[in-house]
Amino acid sequence: MSKDKQNGYEEAGGRFFCFPKGSKRTVPLLPPAIKVENLTHVYAPGTPFQVTSLDNVSLEIAKGEFLAVVGATGSGKSTLVQHFNGLLKPTRGKVTVCGRDVSDKQAGRTLWRKVGLVFQRPEQQFFEETVFDDVAFGPRNMGLSRDEVKERVEDALRLAGLDPVQVGQLSPYRLSGGMKRRAAIAGVLALRPEVLALDEPTAGLDPQGKRQLLDRLENVRREWGVTIIFITHSMEEVGLLAERVAVLNRGCLAMIGAPREIFSRAEELRGMGLDVPVPTEIMDRLRAAGNPVPAGILSNTEAEEEIAKLLSGAAST
């Protein structure tokens, strides 16, 4: 066995990918939008308040991928994502976004166009008097013409699920919670970013609002080919949309893989203080009781089908 394979690396297409021990070899099929190499981030280094938030994290995120980042509070999720648009710089290691090193000063001046970041509390991102002006701020600073700015604002609002005519002249602070979240996303989409990173995008929304927002995010990815990274505590959301899941635990990358694979390791997740989707939990309990049901069930539909099979089998005996 080669030294690289001993260390958990495998070669694919001339590049090496790192896989945490025990995870399935899931290799992004497209060139990476983001490459993280041995990233360590220390807050307040050399002081009594020094904290290591990320410790030697390596992963790649493919162009157009929908990646969920999960982990208990304090696991380093937000710290990781804030490196992607240059808000934070690595203490050690390297982060490459769209082919540019985020530590490079010249790259840092253009990263805001490449990577859009939506914070958990959208009101933190509003500073203009109207929704239109707030969404238009980025395009105007790109030096676009008035017509181009108007087109970008209207396109971004529609893609985020808002009517430009109805909300354009409203104060963003007068919008409902769900509409604020969409307006904040529109402000980022107006820049036409290659990567969209969202920190708890559905926090505080009712079930219908969550479903609508998630549908909009999937539309954005499908129509524009945007790479989407979203931090969430909702495992149901992970099962619905994510192509891969990165699990952080105490600043380290503990797992990465497809949702079905990750949730089949329910006991390990619980040991990190994480839940699994309700259908997965139900199937785990049925399996523990001796019923022949598969691991890694994600959706209500899948769970219903498996339960129907069990009931059908019981009725025929």
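To convert a position in the sequence shown, counted from 1, into the working numbering, add 26.
Beta carbons: idealized from backbone N, C-alpha and C, even for Gly.
DSSP beta-bridge partners of Ala272 = On the sequence shown, residue 272 is found 246 positions in, with the first residue counted as 1. Paired residue(s): Val95 and Ile282.
Which whole runs of the beta strand (DSSP E) in the region 114 to 183 are 3 residues long or more, in chain order?
-> Counting whole runs of 3 or more residues, the region 114 to 183 contains the beta strand (DSSP E) stretches 118 to 123 and 141 to 144.
Does DSSP classify Asp301 as helix, strand or coil?
-> For the purposes of this step, residue 301 is identified with residue 275 of the sequence shown, where counting begins at 1. DSSP places Asp301 in coil when its eight states are reduced to three.
Is any heavy atom in the ligand FMN found nearer than 7 Å to the beta carbon of Arg208?
-> Looking at this structure, you won't find the ligand FMN or any other ligand, since it has none at all.
Quick one: what's Leu240 bridged to in DSSP?
-> Sequence index remark: in the sequence shown, residue 240 carries index 214 (1-based). In the DSSP output, where bridge partners are listed per residue, Leu240 has none listed.
Just grab the DSSP bridge partners of Tyr69 for me.
-> Taking the sequence shown and counting its residues from 1, one reaches residue 69 at position 43. DSSP lists Val77 as partners of Tyr69.
In angstroms with no decimal places, state the Cα-to-Cα distance between Leu217 and Arg139.
-> Position 191 of the sequence shown holds residue 217. Position 113 of the sequence shown holds residue 139. Their backbone Cα atoms lie some 6 Å apart in a straight line.
Enumerate, from N- to C-terminal direction, the unbroken beta strand (DSSP E) stretches of 3 or more residues contained entirely within the region 195 to 265.
-> 221 to 225 and 253 to 257
Neighbourhood of Val157 by C-beta, 6 Å cutoff - its chain only, sequence neighbours within 5 removed | Counting from one through the sequence shown, the residue named residue 157 turns up at place 131. Cβ neighbours of Val157 beyond the five flanking positions: Val193, Gly194, Leu196, Pro198 and Ala209.
Reference Lys236; option with closest CA among Gly90, Val214 and His259 = Numbered from its first residue, the sequence shown carries residue 236 at position 210. The shortest Cα separation from Lys236 among Gly90, Val214 and His259 belongs to His259.
Go ahead and label Lys335 buried or exposed: buried means 16 or more other beta carbons lie within 10 angstroms of its beta carbon, across all protein chains shown.
-> Translated into the one-based positions of the sequence shown, residue 335 becomes position 309. It is exposed - the Cβ of Lys335 has fewer than 16 other Cβ atoms within 10 Å.
Consult DSSP for Ser325 and reduce its assignment to one of helix, strand or coil.
-> Residue mapping note: residue 325 aligns to position 299 of the sequence shown, counting from 1. Ser325: coil per DSSP, three-state reduction.
Looking at C-beta atoms only, is the number of pairs between the region 312 to 329 and the region 284 to 298 that lie closer than 8 Å three or more?
-> yes
Can the beta-carbon of Lys103 be found less than 8 Å from the beta-carbon of Val95?
-> In the sequence shown, counting from the first residue as 1, residue 103 sits at position 77. In the sequence shown, counting from the first residue as 1, residue 95 sits at position 69. Between Lys103 and Val95, the CB-CB gap stays under 8 Å.
Coarse secondary structure for Leu85, derived from DSSP in three states | Within the sequence shown, residue 85 is the residue found at index 59, counting from 1. Three-state DSSP puts Leu85 in a strand.
Closer than 8 Å by C-beta to Met5: which residues in its own chain qualify, once you throw out the five before and the five after it? Chain order, please.
-> Because the chain is modelled from 27 through 343, residue 5 falls outside the range shown and cannot be assessed.
Report yes or no: do three or more beta-carbon pairs, one from the region 219 to 232 and one from the region 68 to 83, lie closer than 8 Å?
-> no
State whether the region 118 to 127 contacts the region 170 to 180, with contact taken as three or more CB pairs (one from each stretch) at a distance under 8 Å.
-> no
His67 vs Ser79 beta-carbon contact at 8 Å = Reading the sequence shown from its first residue, position 41 is the one you call residue 67. Reading the sequence shown from its first residue, position 53 is the one you call residue 79. In this structure, Ser79 lies closer than 8 Å to His67 by Cβ.
For Val141 versus Phe110, is the C-beta spacing smaller than 8 Å?
-> Along the sequence shown, one-based indexing puts residue 141 at 115. Along the sequence shown, one-based indexing puts residue 110 at 84. The Cβ atoms of Val141 and Phe110 sit closer than 8 Å to each other.
Among Pro148, Arg313, Thr253 and Gln238, which has the Cα closest to the Cα of Pro57?
-> If you number the sequence shown from 1, residue 57 lands on position 31. Comparing alpha carbon positions, the residue from Pro148, Arg313, Thr253 and Gln238 closest to Pro57 is Thr253.
Closest to Leu215 by CA distance: which of Phe153, Ser101, Gly251 and Ala315 is it?
-> As a working note, residue 215 is residue 189 in the sequence shown. For Leu215, the closest alpha carbon among the candidates Phe153, Ser101, Gly251 and Ala315 is that of Gly251.
According to the Cβ coordinates, are Val221 and Ala59 closer than 8 Å?
-> In the sequence shown, residue 221 corresponds to position 195, counting from 1. In the sequence shown, residue 59 corresponds to position 33, counting from 1. The Cβ-Cβ distance between Val221 and Ala59 falls below 8 Å.
For Pro116, which residues of its own chain have a beta-carbon under 8 Å away from its beta-carbon, when the five flanking residues on both sides are left out?
-> For this step, residue 116 is matched to residue 90 along the sequence shown. Closer than 8 Å at the Cβ level, and outside the excluded window around Pro116, lie Leu65, Thr66, His67, His109, Val128 and Ser129.
When burial is assigned at 16 or more other CB atoms within 10 Å of the CB, is Gly169 buried or exposed?
-> Within the sequence shown, residue 169 is the residue found at index 143, counting from 1. Gly169 comes out exposed.
Opening and closing residue of the alpha helix (DSSP H) in which Pro190 lies = Reading the sequence shown from its first residue, position 164 is the one you call residue 190. Segment Pro190 to Val193, the alpha helix (DSSP H) holding Pro190.
Taking Cβ positions, are Ala329 and Met309 nearer each other than 8 Å?
-> Here residue 329 corresponds to residue number 303 of the sequence shown, with the count starting at 1. Here residue 309 corresponds to residue number 283 of the sequence shown, with the count starting at 1. Yes; because the gap between Cβ atoms is below 8 Å, this pair is in contact.
What is the DSSP secondary structure of Val62, counted as helix, strand or coil?
-> By one-based count along the sequence shown, residue 62 stands at place 36. In this structure, Val62 counts as strand in the three-state DSSP scheme.
Could you tell me the distance, in whole angstroms, from the CA atom of Gly100 to the CA atom of Arg276?
-> As a working note, residue 100 is residue 74 in the sequence shown. As a working note, residue 276 is residue 250 in the sequence shown. Rounded to whole angstroms, Gly100 to Arg276 spans 7 Å at the Cα level.
Can you tell me which of Val271, Gly112 and Ile282 puts its alpha carbon nearest to the alpha carbon of Ser136?
-> Numbered from its first residue, the sequence shown carries residue 136 at position 110. According to the sequence provided, residue 136 is Thr. The question's Ser does not apply to it. Among Val271, Gly112 and Ile282, the Cα nearest to that of Thr136 belongs to Gly112.
Less than 8 Å separating the beta-carbons of Val107 and Asp225?
-> Position 81 of the sequence shown, counted from the start, is the residue given in the question as residue 107. Position 199 of the sequence shown, counted from the start, is the residue given in the question as residue 225. Yes. Within cutoff.
Residue interval of the alpha helix (DSSP H) (run including Val107) = Along the sequence shown, one-based indexing puts residue 107 at 81. From DSSP, the alpha helix (DSSP H) with Val107 extends over Lys103 to Gln108.
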